[in-house]
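Novice:
In my numbering, the protein residues as written are -6 to 120.
1) How big is the Cα-Cα spacing for residue -2 and residue 65?
2) Exposed or buried, residue 11, counting other C-beta atoms within 10 Å across all chains shown (16 or more means buried)?
3) DSSP three-state call for residue 55: helix, strand or coil?
4) Which residues in the same chain as residue 103 place their Cβ atom closer than 6 Å to its Cβ, once the five residues preceding and following it in sequence are excluded?
5) Using a Cβ cut-off of 8 Å (strictly closer), state whether residue 96 contacts chain D.
6) Tell me whether the segment 56 to 64 and the segment 36 to 43 touch, counting them as touching only if at least three CB pairs, one residue from each stretch, are closer than 8 Å.
7) With DSSP as the reference, please indicate the residues paired to residue 96 in a beta bridge.
8) Taking the alpha-carbon of residue 34 as reference, which of 24, 25, 49 and 21 has the nearest alpha-carbon?
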């Protein structure tokens, strides 16, 4: 379920680049390209590159749609449970303070974030 993923070409230690990491995994691109996509959107929007709004704008430009996590149990529905319910496809989950990508039942992150509580997610519709 968890797959270690850190495409950062320089830093192997934990660093606050989850937005870049998640975008890199979701778009199947390198860390540098994901960083530039976020930085450009950040500049154009007048916002910081790791904000929810910037990430949402870049994902939408690449065919993703946003959905809210149902509020039936806001403190008990974890990333792990999301993965169990969504075994196929590419998803980017937002917890409010973290982004993580799920690809075909695997959590792509630099640490095992399966116990985090997602608030919303992005998905790409299959053609």
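We treat Cβ as the ideally placed atom computed from N, Cα and C, and that holds for glycine.
Specialist: According to the data block:
1) As a position in the chain shown, residue -2 is number 5, starting the count at 1. As a position in the chain shown, residue 65 is number 72, starting the count at 1. Cα-Cα distance, rounded: 31 Å.
2) Working through the chain shown from its first residue, we reach residue 11 at position 18. It counts as buried.
3) As a working note, residue 55 is residue 62 in the chain shown. Looking at residue 55 - three-state DSSP - the assignment turns out to be coil, as it is neither helix nor strand.
4) Translated into the one-based positions of the chain shown, residue 103 becomes position 110. For residue 103, where only same-chain residues beyond five positions count, the Cβ hits under 6 Å are -1.
5) Here chain D cannot be found, since the structure has a single protein chain.
6) no
7) As a position in the chain shown, residue 96 is number 103, starting the count at 1. Paired residues: 83 and 99.
8) Your numbering for residue 34 matches position 41 in the chain shown. The shortest C-alpha separation from residue 34 is found at 49.
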